[in-house]
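My numbering applies: residue -6 is where the sequence shown begins, and numbers increase by one. See below for the structure under consideration.
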Amino acid sequence: MQRLFILTLSLLPWIPAVLCKVTTEGELSIMEGQSLTIPCHYEPQYASYVKYWCRGKTREFCTSLARTDEPRSADPAEKKVSVFDDQVQLVFTVTMNNLKEGDSGWYMCGVEIGGVWSADDVAFTNIKVIHGMSVVNSRVSGEEGSSLTVECHYSERYRESEKKWCRSGDWSSCLLTGSEGNYEDTSVAISDDRTRTFTITLKKLQMRDTGWYWCSAGQQQMAVHVLVTRRATTTAVSVTSPPIRLHSAAYLPPPKPITKESWNSHSHILESLLVCASIMLLVGLAILARKLWKQRKQDPLQRQVKAIKARHNEYSGDVGDLQNAAVVFLNRDSQDVHMY
């Protein structure tokens, strides 16, 4: 009976840990030089308790790094480790900045229960800080004629290293950043902001750009697959586009403006018409002049014939009398008139 009582007393500190658990991620990996935020979830009865973050694999030998009951820094980004407790969402978050490879190891987020007979509620996580490279998306795609961007991350030790973008299997195709960390031509642009990220922008994509590539920093490299799809040939008609109006028979298009070319073409036609009209006018004048000249030439002859007829009418003799007869001869060559 005494042994059972002692066993019960020894298990009392572990009862809160079994009934009310603190949970977090079991293992995390992060690139060297970057920041990491770890969420630690707890039960509602722990909302007002003190939370802490320490380094170690056991509760007894865990070095405290940050606590919620410590004065909060004005700028948490300046501190190596900071803790923020959200009692509404029942989660406290731990932020670790500028991680180094030596920061790798076991950590613990816990709720301080206090008291002799109760242990703190804790959860462990293993953080691995690695050096090298990573990419946001190892497979990217874009439409023919458009652009796409590949984002590559590298650890702090490669900040000053030369960055490369190469086509897999063809090292002669590698494009390198210069001393300023930039490279650009008509099809590719590389930009290194020297904050552990460099971006590659592929411009005016063509179908032959499909394939595997490498983004590289120092001796580290990451594979990226680029897929170029064909441009859509059909164009969707907008619903809000104005209706098409059909021209009726009565519709007359607006007159075309007179340009220099059209005026030159019309001037040739006007010149031809003017020449034809002038020729016709000259021919008409020539015919009229000829008629007037003939009429003027015949007037004296007609006056002489009339005078002879008048004189002939003055004779009162018999018409059959040959003595009273008169013969008129007209000489067309000399225009003279002779009466016998």
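All residues carry an ideal CB built from backbone N, CA and C; glycine is no exception.
**Study point:** Classification of TRP207 by the beta-carbon crowding that lies within 10 angstroms, buried from 16 upward
**Key:** Around the beta-carbon of TRP207, 16 or more other beta-carbon atoms lie within 10 Å, marking it buried.
Exercise for review: Give every residue of the same chain whose Cβ lies closer than 7 Å to the Cβ of THR170, excluding the five residues on either side of it in the sequence, and list them in chain order.
Suggested key: These residues qualify, in order along the chain: GLU155, LYS156, TYR176, ILE183, ASP185.
Review point. Quick one: what's got a C-beta closer than 7 Å to THR203's C-beta in the same chain, skipping five residues either side?
Key: Contacts found: VAL219, LEU220, VAL221.
Check your understanding: Looking at the structure shown, is ALA40 part of a helix, part of a strand, or coil, going by DSSP?
Key -> In the three-state reduction of the DSSP assignment, ALA40 falls in the coil class, being assigned neither a helical nor a strand state.
Point to revise | Reference VAL74, options LYS121, MET200, ASN90, closest by Cα | key: Closest option to VAL74, Cα to Cα, is ASN90.
**Study point:** Backbone secondary structure at HIS240 - three-state DSSP
**Key:** Because HIS240 sits at a pLDDT of 45, beneath the cut-off of 50, its placement in the model cannot be relied upon, and the point is left open.
Practice item. In the DSSP assignment, find the unbroken beta strand (DSSP E) run with PRO32 in it and report its ends. Key: Boundaries of the beta strand (DSSP E) harbouring PRO32: 29 to 34, taken from the DSSP string.
Exercise for review: Could you name the residues that DSSP lists as bridge partners for SER127?
Suggested key: In the DSSP assignment, SER127 is bridged to HIS146.
Point to revise | Contact check, LEU92 vs HIS34, beta carbons under 8 Å | key: One thing to note: LEU92 has its Cβ no nearer than 8 Å to the Cβ of HIS34.
Review point. Between the region 57 to 67 and the region 21 to 36, do three or more beta carbon pairs fall short of 8 Å?
Key: No: the two stretches stay apart, fewer than three of their Cβ pairs being nearer than 8 Å.
Review point. If you run the structure through DSSP and keep just helix, strand and coil, what is LEU263?
Key: LEU263 sits in a helix when the DSSP states are folded into three classes.
Practice item. For THR71, name the three-state secondary structure that DSSP assigns. Key: Checking the sequence, you will find Glu at residue 71 rather than Thr. Correct three-state label for GLU71: helix.
Check your understanding: For the beta strand (DSSP E) that VAL85 lies in, which residues bound it at each end?
Key -> The sequence given here has Phe at residue 85, not Val. Note, PHE85: beta strand (DSSP E), 84 to 89.
Check your understanding: Hey, out of PHE54, GLU144, ASP96, whose CA is closest to THR190's CA?
Key -> Ranking PHE54, GLU144, ASP96 by Cα distance to THR190 puts GLU144 first.
Review point. If GLU18 and THR118 are in contact, beta carbons under 8 Å, what's the gap, nearest whole angstrom?
Key: Sure, about 5 Å apart at Cβ, within 8 Å.
**Study point:** Coarse secondary structure for ARG289, derived from DSSP in three states
**Key:** Note: ARG289 maps to helix in three-state DSSP.
**Study point:** Contacting residues, own chain, Cβ-Cβ under 7 Å from GLN80 (five flanking each side not counted)
**Key:** Excluding the 5 residues flanking it on each side, GLN80 has same chain C-beta neighbours closer than 7 Å at ALA40, in chain order.
Check your understanding: If we count the other Cβ atoms within 10 Å of its Cβ and call it buried at 16 or more, is SER148 buried or exposed?
Key -> Buried: at least 16 other Cβ atoms inside 10 Å.
Check your understanding: At a cut-off of 7 Å, is LEU275 close to the ligand SAM when judged by its beta-carbon and the heavy atoms of the ligand?
Key -> Of the ligands one can find in the structure shown there are none, so the ligand SAM has no counterpart to examine.
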